[in-house]
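Just so you know, the sequence shown maps onto residues 311 to 1085 in the working numbering. Built from N, CA and C at the ideal position, the CB exists for glycine as well. All values reported here derive from a predicted model rather than from experimental measurement. What follows is a set of notes on a single structure, which appears directly below.
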Amino acid sequence: MSYKNHGPNNFPSHLVSNEEKGREWILQYCKAAWHEYNGINAQSFYQARWKHHRTKEYAMGNQPINKYKPVLGVTSDDNESWLNIDWSVLPIIPKFRRIALNKLSKSEYNIMATPIDSMARNDKDNYFKTLKERLYLRNGLLKEDPSLPDMFGLGKRPEEPSDLEELEMQARYTYKHNAAIEMEQAIDLVLYQNDWDETRRRLLEDLFDDGVAIVKEYIDSNNAVRIRRVNPSQVIINTCAKNDFSDKQHLGEVLELTISDIKAMAGNQLSEEAYKEIASKSRGVTGQGTSAMPINTPYSRAYDDTKIQVMDIEFYSTNTMKHEQRTDRRGNMVYKKVSDNYRERQRNKYQKTEYKVVYCAKWVIGTNHMFDFGLATDMKREAGRLMETEMSYHLYAPDFHNMRCLGIMEQLIPIADNIQIAYYRLQQAIAEARPKGIMIEMGALEDIPLGANGNQLTPMEVIDLFNKKGVLVYRKVDIQGRPTNYRPIEELQNGIGADVQSYFGIIQQNIQMIRDITGLNEFTDGSTPDARALTTTAKLAAESTNNSLGNIHEAERNLLEKLCRSIVLRVQDVVQKGGNIEGYINALGSGSMEFFKASGDLSNYEFGMRLEDKPDDESRARLLAFMQANLQQGMIEMEDAILIESTDNLKVAQQVLAYKIRRRKEELERKAIRQQEMNAQVQQQSAMAAEQAKQQTARVEMEAKIQLEQAKGQIDSQLAQQKFEFEKQLKEMELSSKYSAQGVTMGVDLAKEGLPEEQPQQTTPENSNSANMVQ
């Protein structure tokens, strides 16, 4: 056919039309991919599956011991030797592996989704524009009357800023679009529903052991987003040079399935004759199971348990989209899509657009049978890159060169072998060690007359006395009577000597080499930390471990970031198709659960994804302690503390805390200034009041003096008036008395002269008063 290159194992051409990329074209690509992979010297993935299996055995401390026996002189045929040792594996490597994996698993991330399209930017601008307008109006009304904002519905809400600085801080640090919050919750829900914690643990094991980790995401038949880990030992891939394998063209998994499994997956895509042919070709290659049921029952066939190899593959290709531009008979411009084989007309215009696609297939290796082949469904396309797409596989190898992935566990295998051989030799040295003994000078123990009835003790009796009582009786002279310098009994050391110390030292040196390679030390593994070590030393040791494991940390971060980008597109596809992304998630800021359901608006936004490291326990504890101290000092309020504690981003939490403290200080300073002004005003008012009181007292005293003087003057005036009246009356009385006496004298004189008596004088008020006064 026209799409084939020369040779049965060559890749088909991608330049053929879309209609020609059918079953035969896909089948040829599958065969070519399989042939190419088996032709390259790949030291990882499916070709090196034996190496992956060996690495896992060492990681579990279950490596085969047959490789150690020839080193120790033991033949593997008869297994005979003079060695008396336990052949069990010393589990030192698994311990360091567990410590490293536990340390890696403690690193956590915050998944940050940010809408980056124009609609999201407009939403943000409108939101802060509304907040700024409310802020200006509220501040203006507060200057007139504090009660006016509430009257006009402009009272401060809990989420609203108090001033322009806080508004700017919200826009820079704490603002999050509602669609971003919803998408982050959707991602968390998808990860939770797919048991991401367990998947992540397996991926970290793959990175540590094999130096590569692979994960796949897809939408299943129930319209749910699924995630699963892919075993690196089952993968075939084209030759790549990049650590993230972004230059891959195809990737497949070699699965060992039974006929029953294939029937469940393929259904009616394969006939019964095809299943028989597959089973017959696979017989004796991958092994054949047994069936407990007769051959011709309606429930099963004898070959249903036969294991066969199936390659589940995805690969890129480029398709063409052709559009025709013409004018219809009414004169209207028509622009429509046409097929690649559409016969072009000279008077019309045609436009071809190439776009990237993904083809997939499940090929039964070594046959012409395959199923589930064709264009991949639910291809991921970002709104800004509609002509591009990605496979559903994501992989990363931190140490990758020439199609070889190198993991830390593989680097530890020679050290594990050295430790095991030294351990076997150490056991043999201990087993062959002689027990502790004594050296006896028999001449000093003879002729000792201390036995019963004066009999002599035999040397054995002297030794027995020494062993039981600790009493040693011996002669200090020889048979000639000359004194001796030697001791009769001397203890001999046992056989555990230099060899044991040497083998133990070899084990310790190899353990130190493990620490050097993994970056683990006495502080990070908690084995024998020095209690006198300074905190700075411990921090430097922990930082050394982080640096050594940093490549694995970066690989996991890269995988998770790519996975989250794909989950965003998968969620949008599910929502667009009318599916539901729903379930229970952890409620924000609490340990309770709440029901979540993604809305259809998520498909309207384009999201950017990034990961932020969650603060470690020490950093968060330090921040919380500082926050608690400021809370007790009144520098922040309780709602501020709740906001800071619920913020996962340490830098944002620090910025919020610093802003709240600075704002509180400014508020306290303003309050202190107002208090000083009030105190000065009170003092001024007090001084004025005192002065007014003093003036009032002086005025009262003056008024009292004036009133007293006025009273005195009035009294003096009254007394003078009374005195004047009294003197006046007194003079009148005197005059009246004088006149009365003169009258009496004249009357007497007239009487004496014989004159007639005068008429009595009329009484007047003055006369009456004078008379009264006289009386």
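Using a Cβ-Cβ cut-off of 8 Å (strictly less than) and excluding sequence neighbours within five positions of residue i, which residues of its own chain qualify?
i      : result
Asn319 : Lys341, Ala342, His345 and Glu346
Thr677 : Glu587, Ile588 and Lys591
Val881 : Met493, Ala496, Ile497, Val500, Val535, Ile891, Ala908 and Leu912
Val772 : Leu755, Ile758, Leu782, Val783 and Tyr784
Ile336 : Tyr669, Ala671, Met680, Phe683 and Gly684
Lys637 : Before going further, note that residue 637 is Thr rather than Lys in the sequence given. Around Thr637: Met643 and Val644.
Gln964 : Leu933
Compute the distance between the beta-carbons of residue i and residue j, then report whether it is under 9 Å.
i      : j      : result
Gly521 : Ser354 : yes
Ile529 : Gln619 : no
Ile740 : Pro769 : no
Arg539 : Arg512 : yes
Glu916 : Glu692 : yes
Lys526 : Tyr706 : no
Glu700 : Val667 : no
Tyr368 : Ile723 : yes
Gln893 : Gln503 : Checking the sequence shown, residue 893 turns out to be Gly, not Gln. Closer than 9 Å, so yes.
Ala551 : Pro708 : no
Ala251 : Ile817 : As shown, the chain starts at 311 and ends at 1085. That puts residue 251 outside it, with no answer to give.
Thr630 : Glu654 : no
Asp396 : Gln737 : yes
Ile403 : Gly371 : yes
His363 : Ser543 : yes
Ile946 : Leu967 : yes
Glu475 : Arg875 : no
Would you mind sorting residue i into buried or exposed? The rule is 16 or more other CB atoms within 10 Å of its CB.
i      : result
Phe321 : buried
Arg830 : The residue asked about is misnamed: residue 830 is Leu in this sequence, not Arg. Under this definition Leu830 is a buried residue.
Tyr652 : exposed
Gly641 : exposed
Ser457 : exposed
Phe683 : buried
Met643 : exposed
Phe625 : buried
Gly717 : buried
Trp673 : buried
Arg510 : buried
Phe555 : buried
Asp883 : buried
Pro401 : exposed
Ala732 : buried
Ser398 : exposed
Ala430 : buried
Excluding the 5 residues preceding and the 5 following residue i in the sequence, name in chain order all residues of the same chain whose CB lies nearer than 6 Å to its CB.
i      : result
Ile827 : Gln721
Ser531 : none
Gly747 : Leu802
Lys439 : none
Gln579 : Phe681
Leu941 : Ala951
Gln635 : Tyr645 and Lys659
Asn861 : Pro708
Asp427 : Tyr915 and Glu916
Which same chain residues end up closer than 7 Å to residue i when comparing Cβ atoms and leaving out the 5 residues on each side of it in sequence?
i      : result
Leu411 : Leu514, Glu515 and Phe518
Asp950 : Lys970
Thr549 : Ile350 and Met713
Leu870 : Tyr419 and Leu921
Leu464 : Arg444, Leu447, Arg448 and Leu451
Asp433 : His487
Thr424 : Ala490, Phe917 and Gly918
Could you check if residue i belongs to the surroundings of the ligand NAD, using beta carbon to heavy atom distance under 8 Å?
i      : result
Glu922 : The ligand NAD is not part of the structure shown, which contains no ligands of any sort.
Give the DSSP bridge partners of residue i, in chain order.
i      : result
Val500 : Looking at the DSSP assignment, Val500 forms no beta bridge with any residue, so it has no partner.
Arg539 : Val525
Thr568 : Lys617
Val381 : In DSSP, Val381 forms no bridge with anything.
Met422 : Arg920
Met749 : Glu800
Leu767 : Ile758
Leu517 : None, per the DSSP bridge assignment.
Asp416 : Reading off the sequence, residue 416 comes out as Lys, not Asp. Partner(s): none; Lys416 has no beta bridge.
### Task
May I have a chain-ordered list of the alpha helix (DSSP H) segments no shorter than 4 residues that lie completely inside the stretch 675-742?
718-742
### Message
In chain order, what are the residue ranges of uninterrupted beta strand (DSSP E) at least 3 long that sit wholly in the stretch 608-675?
### Response
617-637, 643-648 and 659-674
### Task
Please list the segments of the alpha helix (DSSP H) lying wholly inside the stretch 426-495, counting only runs of 4 or more residues, in order along the chain.
Runs of alpha helix (DSSP H) with 4 or more residues, each lying fully within the stretch 426-495, are found at 428-454, 458-461 and 474-479, listed in chain order.
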